[in-house]
Amino acid sequence: MCGIFAVHGVENPASYRARAIACSKKLRHRGPDWSGCYVGKEAILVHERLAIVGVDTGAQPLISEDGKLVLAVNGEIYNHLALRASLGSDVKFKTHSDCEPILALYKKYDKDLCNMLDGMFSFVLLDESVSPTRIIAARDPIGITTLYQGWSSKKPGAVYFASELKAIIDECDKIISFPPGHVYDSRDNSTTRHFQPSWWDGDLDGPNATTPTQSADLELIRTTLEDAVKKRLMSEVPYGVLLSGGLDSSLIASIAARETEKVARAQLELRQKKLQESISGPPTPTPGLINEESTLVAWPQLHSFSIGLENSPDLLAARKAAHFLGTVHHESTFTVQEGLDAIPEVIYHLETFDVTTVRASTPMYLLSRKIKAMGVKMVLSGEGSDEILGGYLYFHAAPDPKSTMAWGLEARVPFLDKAFLEVAMNVKPEEKMFNKGKLQEVDKDGCPKMEKYILRKAFDCAPDGKHYLPRSILWRQKEQFSDGVGYSWIDGMKDHAASTVSDDAFAKRAERWPDNTPDTKEAYYIREIFDGLFPSEAAAGTAIRWIPRGDWGCASDPSGRSVSIHNAAYQED
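The sequence shown begins at 8 in the numbering used here and counts up by one.
Okay, structure coming up:
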């Protein structure tokens, strides 16, 4: 992922160039490798690059061969090789960038190109072949990448786009988080949905609402997730995997370890083949053959990374998983004080005052810095599984990828793969539900029907004679990341907020914040920092705050520990 800034509909764009570059500079942590700027007739596009694919030739903004289309992308297009092939030999490409096919796709399919992309992306495409010039902007189906859209009363004809709020907050007095799965078109100033999944008809509770009725196909779940991991290993730079020792990250690590071994073996065979060819002469080339393995960078062993307080649940579980999988494991510890010291920086990068997000993202922010210092630019993450497979003991937003991008570290999420979503989201909801305590059922093999049962069961096998995970991890109960890194971290945040926010100030919180009123001192503390960093009403309006329901047994505390099922599990152990 990278950072993009764009503005369309401005008079004399050249005079705005310096300002646009200054705005984009606020995104440079996302793309420290290179910066590019295009000034057009009515628009400016600026790009901050994190080079992972097409390292030598993929600088952006990308410009079409005729010079009339300009593109800035934040993301990765995993099917770019297939897209290049589908466009035919008549289409000429100037780079090896995975994003360049978007230009040719636009010429052929216009906005419908979005449905052809398999990956995570936010992009702005400028078309100067028409008058007035046209701009389209789009975001991937699930919103893995971030994108903001803004307007300024000082420039009523202009529209702004940026990967993060901070790049346009001083320019715009109205800002929204651009909706996932949508595309904007300046031609009619419309924003429409481009992602139309089979499992959602857009009618949540109306007369046309439908509920999936398919039973879980365990083999299909397993193979589709394996494919999702494999395609996300597309990289020309060293990569690793985030490993908490929980089910999700451990499964991703297990699949990635297998694929890394396969790729390393394939590359060894390729080198041996080339050596043989140097002796006997090259074979007749096969037209159209694409050897994906030859473009990948693989360490001999997969590297895994974990973080937590000393002897925290996640660290202990991650060690066990890493040992079983044979990864080169890197373990980081932090203190409560180090976490507290980082909170203002974390809020600045996250651009939110949601307690759950800040809690979970602070350890990840600290870990990402260490990972990047090792020369790693991309990691696989286990996020997303809970949202689609009913894994949370209660539901909330997943940790924000901005915590990794703060250090120019790209996190890829196989569980949010389009094909895997198609499989998982079409499973009837009753197969994702579970009971607790004495009501919990077991299957014919004695496995508990707990949260994410169908995912666990899909990988409770050894098709090649090698198990994916030890049963103690495969059937481990879900921990929120912020809880799993160490329970003292949550308690430390609460205690610090309690000593920082006075009772008198807290009692008057509704006067200060009539909307989104903080309901705990911790929420007050975080909101106060947010307002200091982003004082405008436009900024506060983009933040989404999750508040647990009281009848879920967790009152106003968003920690998974507050749910009785979690405590019961540990009491039973």
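All C-beta atoms in this analysis are idealised placements derived from N, C-alpha and C, irrespective of residue type, glycine included.
In this text, all values refer to a predicted model and were calculated from it rather than measured experimentally.
Residue i burial status per 10 Å Cβ neighbour count (16 or more: buried)
i           : result
residue 49  : buried
residue 473 : exposed
residue 392 : buried
residue 458 : buried
residue 527 : buried
residue 424 : buried
residue 163 : exposed
residue 8   : buried
residue 296 : Confidence is the limiting factor: at residue 296 the pLDDT is only 40, short of 50, which leaves the residue's position unreliable, though a coordinate-based value still follows. Exposed is the call here.
residue 435 : exposed
residue 87  : buried
residue 252 : buried
residue 532 : buried
Residue i to residue j span [Cα, whole Å]
i           : j           : result
residue 73  : residue 100 : 12 angstroms
residue 108 : residue 441 : 44 angstroms
residue 105 : residue 123 : 13 angstroms
residue 51  : residue 357 : 25 angstroms
residue 502 : residue 371 : 21 angstroms
residue 133 : residue 66  : 17 angstroms
residue 406 : residue 383 : At residue 406 the pLDDT is 43, less than 50, meaning the model places this residue with poor confidence; the figure from the coordinates comes in the next sentence. Going from the Cα of residue 406 to the Cα of residue 383 covers about 20 angstroms.
residue 362 : residue 409 : 15 angstroms
residue 187 : residue 158 : 19 angstroms
residue 98  : residue 376 : 40 angstroms
residue 414 : residue 452 : 45 angstroms
residue 16  : residue 121 : 23 angstroms
residue 270 : residue 263 : 10 angstroms
residue 170 : residue 29  : 14 angstroms
residue 24  : residue 94  : 35 angstroms
residue 478 : residue 467 : 8 angstroms
residue 546 : residue 153 : 15 angstroms
residue 335 : residue 320 : 20 angstroms
residue 315 : residue 367 : 11 angstroms
residue 448 : residue 439 : 13 angstroms
residue 182 : residue 166 : 10 angstroms
residue 521 : residue 513 : 13 angstroms
residue 64  : residue 222 : 46 angstroms
residue 446 : residue 381 : 47 angstroms
residue 341 : residue 353 : 15 angstroms
residue 219 : residue 437 : 10 angstroms
residue 462 : residue 530 : 34 angstroms
residue 20  : residue 77  : 15 angstroms
residue 397 : residue 511 : 40 angstroms
residue 194 : residue 359 : 32 angstroms
residue 394 : residue 142 : 33 angstroms
Nearest to residue i (by Cα), restricted to the options the options
i           : options               : result
residue 508 : 535, 498, 495 and 121 : 535
residue 427 : 155, 228 and 102      : 228
residue 411 : 373, 421 and 437      : 373
residue 238 : 497, 60 and 21        : 60
residue 339 : 179, 526 and 313      : 313
residue 35  : 174, 349, 510 and 189 : 174
residue 483 : 365, 256 and 208      : 256
residue 10  : 26, 53 and 47         : 53
residue 266 : 236, 245 and 143      : 236
residue 355 : 231, 542, 283 and 78  : 542
residue 92  : 80, 111, 514 and 76   : 111
residue 386 : 351, 244 and 533      : 244
residue 549 : 523, 518 and 199      : 523
residue 207 : 469, 277, 326 and 148 : 148
residue 369 : 497, 193 and 115      : 497
residue 233 : 276, 422, 280 and 378 : 422
Whole-number beta carbon distance between residue j and residue i, since they are thought to touch under 8 angstroms
i           : j           : result
residue 172 : residue 191 : Not really, about 17 angstroms apart at Cβ, beyond 8 angstroms.
residue 480 : residue 254 : 7 angstroms
residue 57  : residue 37  : 6 angstroms
residue 129 : residue 82  : 6 angstroms
residue 84  : residue 47  : In fact, because the Cβ distance is near 23 angstroms, the residues do not count as touching under 8 angstroms.
residue 205 : residue 433 : 7 angstroms
residue 430 : residue 231 : 5 angstroms
residue 13  : residue 131 : 4 angstroms
residue 499 : residue 347 : 7 angstroms
Residue i at chain D interface by Cβ criterion, 8 angstroms
i           : result
residue 324 : In the displayed structure, chain D is absent; only one protein chain is listed.
Q. Which full runs of the beta strand (DSSP E) of 3+ residues lie inside the region 132-180, going along the chain?
A. For the region 132-180, whole beta strand (DSSP E) runs of length 3 or above, ordered along the chain, are 141-146, 155-159 and 162-169.
Q: Only counting runs of 4 or more residues, tell me where the alpha helix (DSSP H) segments fall wholly within the region 351-386, in order along the chain.
A: Taken in chain order, the whole alpha helix (DSSP H) runs of length 4 or more contained in the region 351-386 are 362-380.
Q | Segments assigned beta strand (DSSP E), at least 3 residues, entirely inside the region 39-116 | A | If we require 3 residues or more, the beta strand (DSSP E) runs fully inside the region 39-116 come out as 41-46, 50-56 and 76-84.
Q: Go through the region 213-261 residue by residue and report every complete run of the beta strand (DSSP E) that reaches 3 residues or more, in order.
A: DSSP runs (the beta strand (DSSP E)) wholly in the region 213-261: 246-249.
Q.
Going residue by residue through the region 301-337, where are the continuous beta strand (DSSP E) segments of at least 3 residues, counting only ones entirely within it?
A. Whole beta strand (DSSP E) segments, 3+ residues: 310-315.
Q: Starting from the N-terminal side, write out each stretch of the beta strand (DSSP E) that is 3 residues or longer and does not extend beyond the region 412-499.
A: Correct list: 417-419.
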